[in-house]
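**Student:**
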Amino acid sequence: MPASVLSTPSHLSHVLAQSRAQLRCRAGLSQSLELAIWANQDDEVHYRQQGHHTLSVYLAGGQGSQLKGDALARGEAGRFCIFPAEHESRWLVREPVQFLHLYVSDIAWADRVVRLLDAEPRSITLAPQIYSQDPIYAQWAQTLWQLDWSCAQDMWQADCLSQQVLDRLVLQSAAPWQRQRLLKPLGGLSSTARRKVLDYVEAHLTDSKALSLPVLAQVVALSEYHFARMFHQSVGCTVHDWVMQRRLQRVCLRLRSVAQTGRTPKLTLLAAEAGFANASHLLRSFRKHYGLTPTQLARCWRDA
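Quick note: the sequence shown uses this note's numbering, first residue 32, plus one each step.
1) I155 and A205 look like a contact to me (Cβ under 8 Å); what is the Cβ gap, rounded to whole Å?
2) With contact counted as at least three CB pairs below 8 Å, one residue from each stretch, are the segment 295-307 and the segment 167-181 in contact?
3) Could you name the residues that DSSP lists as bridge partners for C112?
4) Does the Cβ of P245 have 16 or more other Cβ atoms within 10 Å, making it buried, or fewer, making it exposed?
5) Rounded to a whole number of angstroms, what is the C-alpha to C-alpha distance between Y89 and A290?
6) Could you give the first and the last residue of the continuous beta strand (DSSP E) run that contains L133?
7) Put W176 into one of helix, strand or coil per three-state DSSP.
8) Closest to T223 by CA distance: which of A252, W208 and H235 is it?
9) Give me the Cα-Cα distance between V135 and V232, rounded to the nearest whole angstrom.
10) What does DSSP give as the partner residues of I68 in its beta bridges?
11) Mark K319 as exposed unless 16 or more other C-beta atoms lie within 10 angstroms of its C-beta, in which case mark it buried.
12) Assuming contact is defined by CB atoms lying nearer than 7 Å, are C268 and A141 in contact in what I supplied?
13) Going by beta-carbon coordinates alone, are S193 and L64 separated by less than 7 Å?
14) Quick one: is P115 buried, meaning 16 or more other Cβ sit within 10 Å of its Cβ, or exposed?
15) Can you check which of these residues, Y78, R277, H312 and S316, is closest to P159 by C-alpha distance?
16) Please classify A189 as buried or exposed, where buried requires at least 16 other C-beta atoms within 10 Å of its C-beta.
17) Determine, using beta carbons only, whether G219 and M261 come nearer to each other than 7 Å.
This is the structure we're talking about:
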């Protein structure tokens, strides 16, 4: 299976890259999510504070894989593991195995925690799981395994399915970060201020002037410097990155609606509805994040 033509992943697992595991294919998705299929055998792997959350699903084999210290548990096709960003464990891999990894970026995590849980991203982690079973994750992994990762339409399908899986993962496995309770407060926006500024952003996506740093800082009565720093501490990304992701998601929702009618989307109208400066700005941003144009995406929706 060839590597994806989409953006090159920026934080593939350094642990596996330094082990005997072979990277079969990889792909960057929207919201800076990353996918990778690995194969491994006759190896010992040490996961140690990856810095990003990982969902791992066995595609084939796994009976010869063992969590060190647990002689009874064994992997098999369809089972999954969850490795939080702060996770640490050692694994013995004696027999051939193939598995799919979904790497969760800071902005994807922040979006889910805020949108689905109405919580502060830095206060929530994932509960680790080893060799668990869920038919939804198993089917998702097998479907992605069969797709052509060099085909833009197939990778858009992989993106959509992976975003849905991430929603399920957060709703099922999110948990308070216990270590956070032992630390001194890290600063950041209060829950009230966070809701206020995010609601304001959502209501003013089409008005770039209303979303300037000085204006957003005034919404919560902070200086520009303190607002920018506290926003990043609370949400895990910059204001610019958050606004861009919300605009792109609005475009995607509009594209899906237009595609259902069979009409061709007008870029100038899409740009205006989502707050982009013009059609060229939308086109550049869309290609950068999704690897295809809005028109190509609309065609994917029609053909799905």
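The C-beta atom is built at its ideal place from N, Cα and C for all residues, glycine as well.
None of these values were measured; they are calculated from a predicted model.
**Tutor:** With the structure as the only source:
1) Reading the sequence shown from its first residue, position 124 is the one you call residue 155. Reading the sequence shown from its first residue, position 174 is the one you call residue 205. Right, the Cβ-Cβ distance comes to about 5 Å (below 8 Å), so this counts as a contact.
2) no
3) Walking along the sequence shown from the start, residue 112 turns up at place 81. DSSP output for C112 lists S87 as bridge partner(s).
4) Mapped onto the sequence shown, residue 245 falls at position 214. So P245 ends up on the exposed side.
5) As a first step, residue 89 must be located in the sequence shown, where it is residue number 58. As a first step, residue 290 must be located in the sequence shown, where it is residue number 259. In a straight line, the C-alpha of Y89 is about 35 Å away from that of A290.
6) Numbered from 1 along the sequence shown, position 102 holds the residue referred to as residue 133. Looking at the DSSP string, the run of the beta strand (DSSP E) that includes L133 is V128 to V135.
7) As a working mapping, residue 176 is identified with position 145 in the sequence shown. Three-state result, W176: helix.
8) In the sequence shown, residue 223 corresponds to position 192, counting from 1. If we check each option's Cα against that of T223, A252 comes out closest.
9) Taking the sequence shown and counting its residues from 1, the one referred to as residue 135 is at position 104. Taking the sequence shown and counting its residues from 1, the one referred to as residue 232 is at position 201. Approximately 23 Å, taken between the alpha carbons.
10) What you label residue 68 is simply residue 37 of the sequence shown in a count that begins at 1. Paired residues: C56 and L131.
11) For the purposes of this step, residue 319 is taken as the residue at position 288 of the sequence shown. Result: exposed.
12) Here residue 268 is taken as the residue at index 237 of the sequence shown, counted from 1. Here residue 141 is taken as the residue at index 110 of the sequence shown, counted from 1. Cβ atoms of C268 and A141: closer than 7 Å.
13) Residue mapping note: residue 193 aligns to position 162 of the sequence shown, counting from 1. Residue mapping note: residue 64 aligns to position 33 of the sequence shown, counting from 1. Yes. Within cutoff.
14) Here residue 115 refers to the residue found at position 84 of the sequence shown. So P115 ends up on the buried side.
15) Within the sequence shown, residue 159 is the residue found at index 128, counting from 1. Checking every option, the nearest Cα to that of P159 belongs to Y78.
16) Stepping through the sequence shown from its first residue, residue 189 is reached at position 158. The residue is buried, with at least 16 neighbouring Cβ atoms inside 10 Å.
17) Numbered from 1 along the sequence shown, position 188 holds the residue referred to as residue 219. Numbered from 1 along the sequence shown, position 230 holds the residue referred to as residue 261. Their beta carbons are under 7 Å apart, which means G219 touches M261 by this criterion.
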